[in-house]
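J.: If you want this note's numbering, it's the 1-based position in the sequence shown plus 286. Glycine included, each C-beta is placed from N, C-alpha and C at the ideal position. Questions regarding the structure given below will be posed in turn.
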Amino acid sequence: MPPAAAILAAYARARWLAARLNSRARIEAWQQRRLRDFLNRRITAVDAYRDQAGRPLGTYPTLDKTTMMARFERYNTLRLEAAAARAAWQAGQAPPGFAIGASTGTSGNRGYYVISDAERHAWLGVILARGLPGFWRQRLRLAVMLPANSRLYDAANESGRLALRFFDLNAGVESQAATVEAWQPDVLIAPPKVLRLLADRDSALAPAHVFSGAEVLDPIDRAIVEARFSCVVREIYMATEGLFAVACPHGRLHLLEDHVLFEWDDADGAGGLKAPVITDFTRRHQIMLRYRMNDLLELDSQACPCGSSFTAVRAVAGRLDDVFRLNTAAGGRIAVTPDVIRNAVVDASPRIDDFRVVQSAPDRVELSLPRSCAAELGAAKCSLAALFDRLGAAVMLTAEPAELPPPGPGKLRRVRRTCA
Numbered sequence: 287m288p289p290a291a292a293i294l295a296a297y298a299r300a301r302w303l304a305a306r307l308n309s310r311a312r313i314e315a316w317q318q319r320r321l322r323d324f325l326n327r328r329i330t331a332v333d334a335y336r337d338q339a340g341r342p343l344g345t346y347p348t349l350d351k352t353t354m355m356a357r358f359e360r361y362n363t364l365r366l367e368a369a370a371a372r373a374a375w376q377a378g379q380a381p382p383g384f385a386i387g388a389s390t391g392t393s394g395n396r397g398y399y400v401i402s403d404a405e406r407h408a409w410l411g412v413i414l415a416r417g418l419p420g421f422w423r424q425r426l427r428l429a430v431m432l433p434a435n436s437r438l439y440d441a442a443n444e445s446g447r448l449a450l451r452f453f454d455l456n457a458g459v460e461s462q463a464a465t466v467e468a469w470q471p472d473v474l475i476a477p478p479k480v481l482r483l484l485a486d487r488d489s490a491l492a493p494a495h496v497f498s499g500a501e502v503l504d505p506i507d508r509a510i511v512e513a514r515f516s517c518v519v520r521e522i523y524m525a526t527e528g529l530f531a532v533a534c535p536h537g538r539l540h541l542l543e544d545h546v547l548f549e550w551d552d553a554d555g556a557g558g559l560k561a562p563v564i565t566d567f568t569r570r571h572q573i574m575l576r577y578r579m580n581d582l583l584e585l586d587s588q589a590c591p592c593g594s595s596f597t598a599v600r601a602v603a604g605r606l607d608d609v610f611r612l613n614t615a616a617g618g619r620i621a622v623t624p625d626v627i628r629n630a631v632v633d634a635s636p637r638i639d640d641f642r643v644v645q646s647a648p649d650r651v652e653l654s655l656p657r658s659c660a661a662e663l664g665a666a667k668c669s670l671a672a673l674f675d676r677l678g679a680a681v682m683l684t685a686e687p688a689e690l691p692p693p694g695p696g697k698l699r700r701v702r703r704t705c706a
């Protein structure tokens, strides 16, 4: 099937499913039918599940990135080892009909993925159906700003209705910002830190649609970007492991439960936050079966004004490996999630527009504010100290103004744990 036809077919199917799956009962029935087919017929295409067809979902072991990358060849139909996938990705080459991509390596090691052209076209069709349902009415200019080119977005140029340009953040955020401004896109997809930089610049950039992806969208960035561009910033929750959620026109993320079954782990010390364990029953060439993500999500039980019955996500709150593990006065440890720390800082003053909080040891936390917010440093430190006191944490908290680094190609993590 020609790429444009494949993308439009995926778009139409996603629109049809969104209308048909209009209740939780229908969504769950659909998932169970697709899951049965996936477990009975699809998973045996890879060596890891060669003789394991048809078992109940809960009997398959969960796996994570470390496990998958250690034996990557057992989880993809091309039988590519991780080293071969890395070499192909670095060379910008892949077997015909496939793309190979990589994560940013924020947690220390890159993850790789193998996706067929058919799957790539299907993903783009879903993004368009959820994010730009009227894209076919006019030709749109779409700018994608990411630290590494994704063949997924290349498919946009094959749709016949989108003119896409990719802007590599590894070439320098400032220089790429000027190029984007000159091109004047209608649709802008970029990490929150880049959207924030563009919003702070004095330019005529005026996209009609703004999408955030690749890292956590903090409320302080959302407010500034939405005020600057006069539109709702909509998130695309996508990772090396797949496409998982796209925000509706009201700005609320909805899980792609027509493509993925989500199980939920109650992460240690995460309060009401959940860590997703995903089974993507649409993948054919890299099997994602009970794969545990490293993200923490806050689910939203309230009905969305858009009317969708797909589960809503209030926020992607942070990463599991950035949950602080702090000493207590009683000699134990207490966990504090990134969103709680983030709120303690930004709630101290409405003038705080950037910060960093780093746990460098079990008993040490360092707070930094930009020099432009130096007057708010005392309030932010008091707010954070009060939080730790309420939780019974015994830590040395230091605070200082600093020249916070400008946006770079790597992920921005305002709350970060660097110790074991």
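Taking its Cβ as the centre, do 16 or more other Cβ atoms sit within 10 Å of residue 409, making it buried, or is it exposed?
T.: Counting Cβ neighbours within 10 Å, residue 409 comes out buried, since at least 16 surround it.
J.: Does DSSP put residue 638 in a helix, a strand or coil?
T.: In this structure, residue 638 counts as coil in the three-state DSSP scheme.
J.: Where does residue 705 land, buried or exposed, given buried means 16+ other C-beta within 10 angstroms?
T.: Classification for residue 705: exposed.
J.: Under 6 Å Cβ to Cβ from residue 427, same chain only, skipping five residues before and after it: list those, please.
T.: Closer than 6 Å at the Cβ level, and outside the excluded window around residue 427, lie 449, 471 and 472.
J.: Classify residue 689 as helix, strand or coil using the three-state DSSP reduction.
T.: Residue 689: coil per DSSP, three-state reduction.
J.: Extract the residue ranges of the alpha helix (DSSP H) inside the region 309 to 384, only unbroken runs of 4 or more that lie entirely within it.
T.: Those alpha helix (DSSP H) runs which fall completely within the region 309 to 384 and span 4+ residues are 310 to 323, 351 to 356 and 368 to 377.
J.: Measure the alpha-carbon distance for residue 484 versus residue 523 and round it to whole angstroms.
T.: For residue 484 and residue 523, the distance between alpha carbons rounds to 21 Å.
J.: Skipping 5 residues on each side, what residues in its chain have a beta carbon closer than 8 Å to that of residue 667?
T.: Taken in chain order, the residues that qualify are 653, 683 and 685.
J.: Exposed or buried, residue 623, counting other C-beta atoms within 10 Å across all chains shown (16 or more means buried)?
T.: The residue is buried, with at least 16 neighbouring Cβ atoms inside 10 Å.
J.: Could you tell me which whole beta strand (DSSP E) segments of length 3 or greater appear in the region 475 to 520?
T.: Within the region 475 to 520, the complete beta strand (DSSP E) runs of at least 3 residues are 495 to 499.
J.: Excluding the 5 residues preceding and the 5 following residue 595 in the sequence, name in chain order all residues of the same chain whose CB lies nearer than 8 Å to its CB.
T.: Here the set comprises 307, 308, 309, 310, 312 and 313.
J.: With distances taken from CA atoms, which of 399, 476, 325 and 315 is nearest residue 387?
T.: For the residues 399, 476, 325 and 315, the minimum Cα distance to residue 387 belongs to 399.
J.: Compute the beta-carbon to beta-carbon distance between residue 495 and residue 517, rounded to the nearest angstrom, for a pair I have assumed lies under 8 Å.
T.: Indeed, because the Cβ distance is near 7 Å, the residues count as touching under 8 Å.
J.: Going straight from the alpha carbon of residue 649 to that of residue 349, what length do you get?
T.: Using only the alpha carbons, I get a separation of about 31 Å.
J.: How would you call residue 352, buried or exposed, if buried means at least 16 neighbouring beta carbons within 10 angstroms?
T.: Exposed, since its Cβ has fewer than 16 Cβ neighbours within 10 Å.
J.: Can the beta-carbon of residue 463 be found closer than 8 Å to that of residue 487?
T.: A contact, by the Cβ cut-off of 8 Å.
J.: In whole angstroms, give me the CA-to-CA distance for residue 297 and residue 651.
T.: The straight-line gap from Cα to Cα measures roughly 47 Å.
J.: To which residues does DSSP link residue 562 through a beta bridge?
T.: According to DSSP, residue 562 bridges with 550.
J.: Under three-state DSSP, which class holds residue 711?
T.: In the structure as shown, the chain begins at 287 and stops at 706. Residue 711 is therefore absent and cannot be evaluated.
J.: May I have the straight-line CA-CA distance separating residue 503 from residue 669, to the nearest angstrom?
T.: Between residue 503 and residue 669, the C-alpha separation is close to 22 Å.
J.: Could you pull out every residue in the same chain whose Cβ sits closer than 7 Å to the Cβ of residue 376, ignoring the five residues on either side in sequence?
T.: Contacts found: none.
J.: What residue range does the alpha helix (DSSP H) around residue 457 cover?
T.: Per DSSP, residue 457 belongs to no alpha helix (DSSP H) and is neither H nor E.
J.: Rounded to a whole number of angstroms, what is the C-alpha to C-alpha distance between residue 584 and residue 606?
T.: Near 13 Å, if we compare the C-alpha coordinates of residue 606 and residue 584.
J.: In terms of DSSP beta bridges, what is residue 711 paired with?
T.: Nothing can be reported for residue 711: it is not among the residues displayed for the chain, which extend from 287 to 706.
J.: Quick one: any contact between the region 531 to 539 and the region 564 to 575, if contact means 3 or more CB pairs under 8 Å?
T.: No, because fewer than three Cβ pairs between the region 531 to 539 and the region 564 to 575 fall closer than 8 Å, the two stretches do not touch.
J.: Let's see if you can read the secondary structure: which residues bound the alpha helix (DSSP H) around residue 669?
T.: Segment 663 to 677, the alpha helix (DSSP H) holding residue 669.
J.: For residue 639, does the count of other Cβ atoms within 10 angstroms reach 16, so buried, or fall short, so exposed?
T.: Buried: at least 16 other Cβ atoms inside 10 Å.
J.: Starting from residue 569, trace the alpha helix (DSSP H) in both directions and tell me its first and last residue.
T.: That residue, residue 569, is in no alpha helix (DSSP H); it is neither H nor E in DSSP.
J.: How long is the line joining the alpha carbons of residue 696 and residue 586, rounded to whole angstroms?
T.: Approximately 29 Å, taken between the alpha carbons.
J.: May I ask whether a heavy atom of the ligand FMN can be found less than 7 Å away from the beta carbon of residue 454?
T.: For the structure depicted, the ligand FMN is absent and the ligand set is empty, with no information on it obtainable.
J.: Among residues of its own chain, excluding the 5 on either side of residue 521, which ones have a beta-carbon nearer than 6 Å to its beta-carbon?
T.: Correct list, in chain order: 498, 503, 533 and 539.
J.: Give me the Cα-Cα distance between residue 513 and residue 490, rounded to the nearest whole angstrom.
T.: Approximately 14 Å between the Cα atoms of the pair.
J.: So, for residue 723: in the same chain, excluding its five sequence neighbours on each side, which residues have a beta-carbon less than 8 Å away from its beta-carbon?
T.: Lying before the first or after the last residue shown, residue 723 is absent from the chain, which here runs from 287 to 706.
J.: Please report the distance separating the alpha-carbon of residue 547 from that of residue 389.
T.: Answer to the nearest angstrom: the Cα atoms are 22 Å apart.
J.: Could you tell me the alpha carbon to alpha carbon distance between residue 303 and residue 544, rounded to whole angstroms?
T.: Straight-line Cα distance between these residues: approximately 7 Å.
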